[in-house]
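Encoded as structure tokens, the structure appears first; notes follow it.
Residue numbers (this note's numbering): 13 to 258.
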């Protein structure tokens, strides 16, 4: 029997997968390095290199780490299991319809929202010195709530939310990232996630996405023991973290 020959595109994808599997494992920090995930699926790049290349500004401690006093909701909740829940943030300034330019506006707003949540996650993981974005093992679930007044008059929900999902993949790795070739990101798949994208909401913005990620339980335990499970920080914990930073 003649051996089965792969087409050029299939051979390219197979080669990229081989590169991911055989690439040298780099050290991204104590928590990530000790996490129980397959070596073949470990990220092989520094997340902050991609953040820099994508011109995402993470800002300063002073601008991003504040007090929980008088807050109505939390921005982030850290669970001892390793799950990290982020509240949503709005993106864009216009409601969505089927107009191509309007959808482009929504996609850009969704990308901006991804940058906001990436920044928030960075400070939630790192403000006490426990970890950082390199400790994200994988992304669990995203929800995109798209402003489309009139109910089912448009199907803009999924394409607009793609702006959020694909930006997230560009940072953490995924088939739709800016770094993917033939649907394979040589950096891995830590950014791809389960997702719901729904419309029908009223509002003076375009989209509100939220997301859940997984980090090593050793990291969430360190965070909780040092400064609690909520971000922004309770006032007493904010003062503690500031004093630790010197």
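From the three backbone atoms N, C-alpha and C, an ideal C-beta is built for every residue, glycine too.
query: Examine the ligand FAD and report whether any of its heavy atoms sits within less than 8 Å of the Cβ of residue 108.; result: The ligand FAD is absent from the structure shown, which contains no ligands of any kind.
query: Going by other Cβ atoms of all chains shown within 10 Å of its Cβ, with 16 needed for buried, is residue 131 buried or exposed?; result: buried
query: Among residues of its own chain, excluding the 5 on either side of residue 255, which ones have a beta-carbon nearer than 6 Å to its beta-carbon?; result: none
query: Short check: CB of residue 107 to CB of residue 50, under 9 Å?; result: no
query: Please name the residue in 251, 218 and 242 whose C-alpha comes closest to that of residue 118.; result: 218
query: Which partner residues of residue 103 appear in the DSSP bridge assignment?; result: 219
query: Just checking my contact of residue 264 with residue 98 at CB under 8 Å: how many whole Å lie between their CB atoms?; result: There is simply no residue 264 to check, as the chain begins at 13 and stops at 258 in what is shown.
query: Whole angstroms is fine: what's the gap from residue 207's alpha carbon to residue 104's?; result: 20 Å
query: According to DSSP, simplified to helix, strand and coil, what is residue 154?; result: strand
query: Going by CA-CA distance only, name the one from 68, 72, 94 and 64 that's closest to residue 235.; result: 94
query: According to DSSP, which residues form a beta bridge with residue 97?; result: 89 and 224
query: Let me confirm a value: residue 157 is counted as buried when at least 16 other C-beta atoms fall within 10 Å, else exposed. Which label applies?; result: buried
query: Rounded to whole angstroms, what is the Cα-Cα separation between residue 241 and residue 136?; result: 10 Å
query: Looking only at C-alpha atoms, which of 253, 233 and 221 sits nearest to residue 87?; result: 221
query: Measure the CB-CB distance between residue 139 and residue 82 and report whether it falls below 9 Å.; result: no
query: If you run the structure through DSSP and keep just helix, strand and coil, what is residue 34?; result: Annotation note: pLDDT 43 at residue 34 (below 50); position unreliable, coordinate value reported separately. Correct three-state label for residue 34: helix.
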